[in-house]
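S.K.: The listed protein sequences correspond, in order, to chains A and B. My numbering puts the first residue of the first sequence at 1, with every later residue one more than the last. My numbering puts the first residue of the second sequence at 166, with every later residue one more than the last. Built from N, CA and C at the ideal position, the CB exists for glycine as well. Just dropping this structure here.
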Amino acid sequence: MDEAGPVEDPALRIVLTVNGRSRTLAVPPQRTLLEALRDDLGLIGTKSCCLVGECGACSVHLDGRIVDSCLVLAVEADGAEVSTVEGLAEGGSLSPLQRQFLERGASQCGYCTPGQLMAAADLLERIPRPTRSDVEEGLSGNLCRCGCYYQITDAVLAAAEEIAG
Amino acid sequence: MSGWIGTPAPRGGGAARVTGTQRYLGDIHPADALHAKLVTLDCARARVLSVDPSAALRVPGVRLVMTAAELPQPVPRFGPQFADRPVLAVGETRFHGEPVAAVAAESLDAAEEAATLVRVDCEPLPAVTSVAAALAPGAPLVQDPDLRPGDPLARTNILREHHFGWGDVGSAAADLIVEGTYSFPMVTHFAIEPHGFMAAPDGDGIVIWSTIQHAYWLQREMARLLGMPLARVRVLAPDPGGGFGGKQHAKYEPLVALMALRVGRPVRLILTLEETFQAVRRNAATSRIRTGFRRDGTITFRDLEIDYLIGAYADIADRTVSKGGYSSSGPYRIPAARVVARSILSHTPPSTAFRGFGAPEPNLAVEASMNEAARRLGIDPIELRLRNLPRRGESFIPGDTPADGDWAETVRRAARLAAWDSPLPPGRGRGVALGMKSGPTTGHSYATVRLLADGSAVLYSGTSDMGQGARTVFAQMAAEELGVPVDRISVVMGDTAMVPYDQQTSASRSTVLMGNAVLGACRQIQAQVRSMAARVHGVDEAAIVVDRGVVHLPGRDVAIPEVLGPGLGPLGGEIIGNGESRHEVVAGHPLGGLAAFFEFNCTVVEVEVDEGTGEIAVLRHVTVSDVGRAINPMQVAGQDEGAAIQGLGHTLMEHYIFDESGRIENLGAIDYRIPTSMDLPADMRSAVVENGDGPGPYGSKGMSEGALIPVGPAVVEAVRDAIGVEIRELPLTPERVWRAISERREEIAAADRSALTGGGA
């Protein structure tokens, strides 16, 4: 009577590069990239909230594009490069964005912070010297209920300054 | 080493938050945990005829389908004010989203699939979702009168009716009486972290994980519910990813605990955002107000009737009603006041604490009335308020804490920052409003600090850090007192097996009440250091003073850590300090105790209205709060601006929409909008008044709610100033504003036509 465990849909084998490291996973077809990152790879920095692509908490980079990982199937990331908040700090030291977030009070409860950071990193890739309205528009898909939007924008502008030298 | 107070010390836990290593509840996976899913109906109210779990039980991996019939009988009920909420719906569902069963399975996929297969035979029933419907003759009763024995209101949908006031409103004379009815919308907290609950059997006890703000309250409630001693109930409450009051009290902890005990394994329930919307919301409210004024602007009386629409179960809502109602007449010198505040039950999700705790709802009516009075009396709205504000030390709610700040200074500062007297171009408008809220009325907090042998320290506190930054300010206080840099202090929270008792994290209390406990713990350490210094240096203890991290010996000063090494000696060890802070119950007081402090805020906004679309652009938003002392100015600004932006949410865009059956039509992030980075005032200025006159450490007061309270009426007035129409119902959506403009135009056109035709009959 007692089966060994849940019967899963047949797993598909995918290979992806996550934060520079090659990972092989067996995932059922309906598994999202968000679930694969959090549950299969233990990369809990990517957060789960609305699951409909509206809040931005699960933002990651997929082949250099910002995506809501709740809307991407894990199998779609087969062969792709994925970066998450865990990949931002290099060699154990915080990136300029991370440091500026801390210095400018841009993280309160912190739950939206990983998504904000990934959206900000994407923005600075595309627009290295953004204006204030570039930042507000670029991060408008990332909700912050603590309401530290001004501090987030200040942090992104300061990081841009720092990176550009 | 001191000098930490008033500095933007780095956020405690900040590095974990920016690197993605912070462990929120959903990031914790107890080994062998089952995943749970709620079984709900697609309507608010239905009679449940039968629940058949057989198909669900056939889904591979399903281990349990918990139904009301499977629970202990009678089904246990819980709640912070009344134990009225059943673990699962009994007999009928009373709000959209109330679970009738829950599934636990090896995977979330299996649980979700099985939840759709639980067959519920039910008969939909009419639901009441508004004050008018709930009070209509013959309205269906939301709660079973048998649950309210001896309650004269048991056969109505009025849960409680609170009466407050002083003086004789009826006989008060007035040159002008301003009256109106104002509506506050039903809004939800929308913490970005959805609520989550886990439980695991632990020997002869239980461990419960929750996103809850009040870990110790939950421990007490669960011990009662499960018949276990407190010592066998361990609550783990990781830092919530936003709380705003929504995470104060139990929601589905009793359910997961009973499920975990039934299956003998951990059970994990993480709500979706949609389910979170169905779990927590703020009261909606309708406020009817009459205020009398003398020609010089002096208030002679205020008469308020506030109908708060609470949900199907009380949660803490009735307390928000009594507390919000109690001080609803505002921060004014009023000779006669009468307040009737009613908690009205409805077939809607239970309303609960939400930043402002019952104050923003009537504040809309009070402050809009002040603006109308200013207009009709020909007195500047700032001046009108200054004429009626109590001075520091002056009693304004008879029998309660007197005004505890230089409130006029706050108002003047806001007026200056907003360039109040400068003219505005056409199409723009400006509005001011005050916000006032009573702080905690009772409190009890303990803190423990361990000063370790290497001069670092660990601080234990039952406060919950949900973003307000409690970890940071407590570390700053300990750093100041012990001379230990904040980066050498760890703050432990969120585990009832580790941290000493704390009543709760609410009412912007923690900097003050827990802060005083932290200070007490540090003082105990200082006293021990003093004895130690006397011994080490061979000096009479009476000749030594230990203060702010420094040991003042006769003729020289040394840092505390320098005394520690020789003082502890070769065996090492540590110095432990315990602190306690109490804010006592006052027998006979309508709220159970006096306000520990008041939050006081003045907000001025400037708007531009697009008359073609009804869209409001907030061009400037000035918020000034009296904080006593800003322990961490960066965090204070973050809380103040965050509260202001949250206030813009309920003012401009947020509200639940119900269909006729009581089903919520706009669940989730697509259809319920909160402010984004594109919805911000172009110019936000947050400032503080610091006179060191608060009851907390270094003269601090609580401050995290004040800036939310007056946003609604300030924007209402600014919009009226811009378009000439006062809209008395929030939110001021483009449609609502556009309709108001259109109606106004039609009225003007009709008046013109009437004038042309000679004034009509």
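Specify the secondary structure class of P251/B as computed by DSSP and reduced to three states.
M.R.: strand
S.K.: With distances taken Cα to Cα, identify the nearest neighbour of A159/A among G92/A, S133/A and A121/A.
M.R.: A121/A
S.K.: Could you please give the first and the last residue of the uninterrupted alpha helix (DSSP H) stretch that includes H815/B?
M.R.: P798 to L817
S.K.: Bridge partners for R212/B per DSSP, in chain order?
M.R.: DSSP output for R212/B lists E257/B and E288/B as bridge partner(s).
S.K.: Does V224/B come out as helix, strand or coil in the three-state DSSP assignment?
M.R.: If DSSP states are grouped into helix, strand and coil, V224/B belongs with coil.
S.K.: Is it buried or exposed, D2/A, if we count other Cβ atoms within 10 angstroms and call 16 or more buried?
M.R.: For D2/A, the predicted model reports a pLDDT of 42, less than 50, meaning its position is unreliable; a value from the coordinates is still stated below. The residue is exposed, with fewer than 16 neighbouring Cβ atoms inside 10 Å.
S.K.: Hey, how far is the Cα of Q378/B from the Cα of F409/B?
M.R.: A direct Cα-Cα distance of roughly 9 Å separates Q378/B from F409/B.
S.K.: Counting only the same chain and skipping the five closest in sequence on each side, list residues whose C-beta sits under 6 Å from that of V723/B.
M.R.: Cβ neighbours of V723/B within its own chain (closer than 6 Å, five residues either side excluded): V716.
S.K.: Could you tell me whether the Cβ atoms of V787/B and V801/B are closer together than 8 Å?
M.R.: no
S.K.: Does L438/B have its Cβ less than 8 Å from a Cβ in chain A?
M.R.: yes
S.K.: Quick one: complete alpha helix (DSSP H) runs, 4+ long, within the stretch 608–671 of chain B?
M.R.: If only uninterrupted alpha helix (DSSP H) runs of at least 4 residues are considered, those enclosed by the stretch 608–671 of chain B are 635–647.
S.K.: Name the chain B residues that come within less than 7 Å of A121/A, Cβ to Cβ?
M.R.: Correct list: empty, because the minimum Cβ distance to chain B is about 12 Å.
S.K.: Cβ of W169/B versus every heavy atom of the ligand MG: is any distance shorter than 7 Å?
M.R.: By its list of ligands, the structure shown contains no ligand whatsoever, and the ligand MG lies outside what it can speak to.
S.K.: Determine, using beta carbons only, whether E136/A comes closer than 8 Å to chain B.
M.R.: yes
S.K.: Taking 8 Å as the CB-CB limit, is A640/B close to chain A?
M.R.: no
S.K.: In three-state terms, what does DSSP make of S95/A?
M.R.: Annotated three-state conformation of S95/A is coil, per DSSP.
S.K.: Using 8 Å as the limit for Cβ to Cβ distance, is G139/A near chain B?
M.R.: Reading the sequence as shown, one finds Leu at residue 139/A and not Gly. Cβ-Cβ to chain B under 8 Å: yes for L139/A.
S.K.: Only counting the same chain, and skipping five residues up and downstream in sequence, which positions put a Cβ closer than 6 Å to that of A4/A?
M.R.: Here A4/A scores only 44 on pLDDT, less than 50, and its place in the model should not be relied on; the value that follows carries that caveat. Hits under 6 Å: none found.
S.K.: Within 8 Å (strictly less), CB to CB, does P6/A reach chain B?
M.R.: Any reading at P6/A needs caution, since the residue's pLDDT is 49, under 50, leaving its predicted position unreliable; the model's value is listed next. It does: the Cβ of P6/A has a partner Cβ on chain B nearer than 8 Å.
S.K.: Tell me which same chain residues have a C-beta within less than 6 Å of the C-beta of G758/B, skipping the five on either side of it?
M.R.: T606, T607, V750 and V751
S.K.: What does the alpha-carbon distance come out to for the pair E129/B and V60/A?
M.R.: Nothing can be reported for residue 129/B, as the shown portion of chain B is limited to 166 through 926.
S.K.: Can you pull the DSSP bridge partners for L25/A?
M.R.: I14/A
S.K.: Express the C-alpha separation of P862/B and A847/B in angstroms, rounding to a whole number.
M.R.: Approximately 35 Å between the Cα atoms of the pair.
S.K.: Assign H354/B to one of three DSSP states: helix, strand, or coil.
M.R.: coil
S.K.: Would you mind reading off the limits of the beta strand (DSSP E) that contains W374/B?
M.R.: G370 to S375
S.K.: Residue range of the alpha helix (DSSP H) that N528/B falls in?
M.R.: P525 to L542
S.K.: Roughly how far, in whole angstroms, is the beta-carbon of L647/B from the beta-carbon of E739/B, given that I think they are within contact range, below 8 Å?
M.R.: L647/B to E739/B, Cβ: 12 Å. No contact.
S.K.: Taking the continuous alpha helix (DSSP H) assigned at R126/A, which residues delimit it?
M.R.: T113 to R126
S.K.: On the DSSP letters alone, give me the boundaries of the alpha helix (DSSP H) that I690/B sits inside.
M.R.: Bounds of the alpha helix (DSSP H) holding I690/B are L678 to H702.
S.K.: What are the start and end residues of the alpha helix (DSSP H) that includes V902/B?
M.R.: P899 to L921
S.K.: Identify the residues that DSSP records as bridge partners of R593/B: which are they?
M.R.: Partner(s): E773/B.
S.K.: Put N553/B into one of helix, strand or coil per three-state DSSP.
M.R.: If DSSP states are grouped into helix, strand and coil, N553/B belongs with the helices.
S.K.: Using CA atoms only, rank isn't needed, just tell me which of D217/B, D571/B and E532/B is closest to E764/B.
M.R.: D571/B
S.K.: Using a C-beta to C-beta distance shorter than 7 Å, which residues of chain A count as neighbours of V183/B?
M.R.: Result: L94, Q98, F101, L102, S107, T113 and L117.
S.K.: For a test of the three-state rule: what should DSSP assign to T566/B, helix, strand or coil?
M.R.: coil
S.K.: Note down, in chain order, each residue of its chain lying with its Cβ closer than 7 Å to the Cβ of T661/B, except the 5 sequence neighbours on either side.
M.R.: A380, Y381, Q384, R399 and V400
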